[in-house]
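Q:
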Amino acid sequence: MNARNWELVGAPNARDLGGLPTIDGRRVRVGRLIRTSALGRLTEDDLTVLGRLAPACVVDLRDDSETALAPPNRLVGDPCLVRLPVLDPAQPAFTYLSALLHGHDLDGYDEVARQGAAAAMAMVYRWFVTGAAARDGFARAVRLATDPANLPLLFHCSAGKDRTGWLAVVLLTALGVDEETVRADYLRHNELTVELRGAMSAVMLRQRPGLDAETARAVLEVRPEYLDAGYDEARRVYGSFDAYLADGLGVTAEVRAALCTHLLD
Numbered sequence: 001m002n003a004r005n006w007e008l009v010g011a012p013n014a015r016d017l018g019g020l021p022t023i024d025g026r027r028v029r030v031g032r033l034i035r036t037s038a039l040g041r042l043t044e045d046d047l048t049v050l051g052r053l054a055p056a057c058v059v060d061l062r063d064d065s066e067t068a069l070a071p072p073n074r075l076v077g078d079p080c081l082v083r084l085p086v087l088d089p090a091q092p093a094f095t096y097l098s099a100l101l102h103g104h105d106l107d108g109y110d111e112v113a114r115q116g117a118a119a120a121m122a123m124v125y126r127w128f129v130t131g132a133a134a135r136d137g138f139a140r141a142v143r144l145a146t147d148p149a150n151l152p153l154l155f156h157c158s159a160g161k162d163r164t165g166w167l168a169v170v171l172l173t174a175l176g177v178d179e180e181t182v183r184a185d186y187l188r189h190n191e192l193t194v195e196l197r198g199a200m201s202a203v204m205l206r207q208r209p210g211l212d213a214e215t216a217r218a219v220l221e222v223r224p225e226y227l228d229a230g231y232d233e234a235r236r237v238y239g240s241f242d243a244y245l246a247d248g249l250g251v252t253a254e255v256r257a258a259l260c261t262h263l264l265d
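Going left to right, the sequence shown walks through residues 1 to 265 as UniProt numbering numbers them.
1) Nearest by alpha-carbon distance to A14: which of A253, C157, P224, L151 is it?
2) Would G248 and R135 be called neighbours here (beta carbons separated by less than 7 Å)?
3) Does the beta-carbon distance from L84 to L50 come in below 7 Å?
4) If contacts are defined as beta-carbon pairs under 8 Å, then L172 and L17 qualify, I think. What distance do you get, rounded to the angstrom?
5) State the Cα-Cα distance for the pair N150 and A139, rounded to the nearest angstrom.
6) With 16 other CB atoms within 10 Å as the buried threshold, where does T48 fall?
7) For C157, does the three-state DSSP call read helix, strand or coil?
8) According to DSSP, is R26 part of a helix, a strand, or is it coil?
9) Where Q91 and A99 are concerned, what is the direct C-alpha to C-alpha distance, given to the nearest angstrom?
10) Let me check one thing: in DSSP terms, what residues is R35 bridge-paired to?
11) On a CA-only basis, which of M121, A246, L153, A70 is nearest D78? Give me that one, please.
12) Residue range of the alpha helix (DSSP H) that D110 falls in?
13) Here's the rule I'm using: 16 or more other beta-carbon atoms within 10 Å means buried, otherwise exposed. How should E233 be labelled?
14) Is the CB-CB distance between R126 and A243 below 7 Å?
15) From T181 to A159, what distance separates their C-alpha atoms?
16) According to DSSP, is D185 part of a helix, a strand, or is it coil?
Now the structure itself:
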């Protein structure tokens, strides 16, 4: 198995962040940082691939309400399992989007619904920057990545696109990968999940006959404007993304040095 030439049928957006270049000419080390969606639908062949990837630590960004509705993660070996729930059930955008995805009652979400699903997604990304649970979860995940005992580190949420995507943004930026490259990796979710998103959209539209296709697309895709909402919030609140890393997440110069030592070639 080529270090980067692998796929997981049950987690089609899974990928190794290795090989991405940094501003100073280095590269993220292959086989150290792996981002995926939830692992409950992995096939037997997927488990063989996962065994070769051999994650030492698996970070799950879901909370109990999400894991209760999903099949248990399928894992091989004996990785350290760390639950870092990045979710706020009191945040209307989260609960509205969850209700859309699962076909639940939308009563009580009139204001969020009027703004639209894309606006709700942007709201979630702004919350990634300011929400206490988000800052705590992402900060702890970064600290885990500084310890070689936790490498390879595999991290995921449910769909592996938003919370997982933002954590990838945080880690790659801390390692010195430029924004254009970070953005390109973030947007890869769409090209990797064409069939999956089509199937999920069909289910959503069937569960809720009045739902329009654009709303389903807004929930299932990643979009540049979602990422921009997070970037803009970081700059609005902290002055710069580097300041967000340092002051919001505790990614000090020492932490960045440790990340670079263990995660860059």
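Beta carbons are placed, not taken as given, at the ideal position from N, Cα and C, and that holds for glycine.
A: Taking the coordinates as given:
1) Here residue 14 is taken as the residue at index 14 of the sequence shown, counted from 1. Comparing C-alpha distances from A14 to each of A253, C157, P224, L151 shows the shortest one belongs to C157.
2) The residue given as residue 248 occupies position 248 in the sequence shown. The residue given as residue 135 occupies position 135 in the sequence shown. Yes.
3) The sequence position of residue 84 within the sequence shown is 84, counting from 1. The sequence position of residue 50 within the sequence shown is 50, counting from 1. Not closer than 7 Å, so no.
4) For this step, residue 172 is matched to residue 172 along the sequence shown. For this step, residue 17 is matched to residue 17 along the sequence shown. Indeed they touch by this definition, with Cβ atoms about 7 Å apart.
5) Against the sequence shown, residue 150 aligns to sequence position 150. Against the sequence shown, residue 139 aligns to sequence position 139. Rounded to whole angstroms, N150 to A139 spans 15 Å at the Cα level.
6) Looking up residue 48 in the sequence shown gives position 48. So T48 ends up on the exposed side.
7) Locating residue 157 in the sequence shown gives position 157, where the first residue counts as 1. DSSP places C157 in coil when its eight states are reduced to three.
8) Counting from 1 along the sequence shown, the entry for residue 26 is found at position 26. DSSP places R26 outside both helix and strand once states are collapsed to three, so it counts as coil.
9) Indexing the sequence shown from 1 puts residue 91 at position 91. Indexing the sequence shown from 1 puts residue 99 at position 99. Between Q91 and A99, the C-alpha separation is close to 13 Å.
10) The sequence position of residue 35 within the sequence shown is 35, counting from 1. The secondary-structure analysis by DSSP pairs R35 across a beta bridge with R15, F155.
11) Counting from 1 along the sequence shown, the entry for residue 78 is found at position 78. Comparing Cα-Cα distances from D78 to each of M121, A246, L153, A70, the minimum goes to L153.
12) If you number the sequence shown from 1, residue 110 lands on position 110. 110 to 115 is the extent of the alpha helix (DSSP H) around D110.
13) As a position in the sequence shown, residue 233 is number 233, starting the count at 1. Burial call: buried.
14) Numbered from 1 along the sequence shown, position 126 holds the residue referred to as residue 126. Numbered from 1 along the sequence shown, position 243 holds the residue referred to as residue 243. It is not a contact, given that the beta carbons lie outside the stated cut-off.
15) Numbered from its first residue, the sequence shown carries residue 181 at position 181. Numbered from its first residue, the sequence shown carries residue 159 at position 159. Going by the C-alpha atoms only, they are around 21 Å apart.
16) The residue labelled residue 185 in the question sits at position 185 within the sequence shown. Three-state DSSP puts D185 in a helix.
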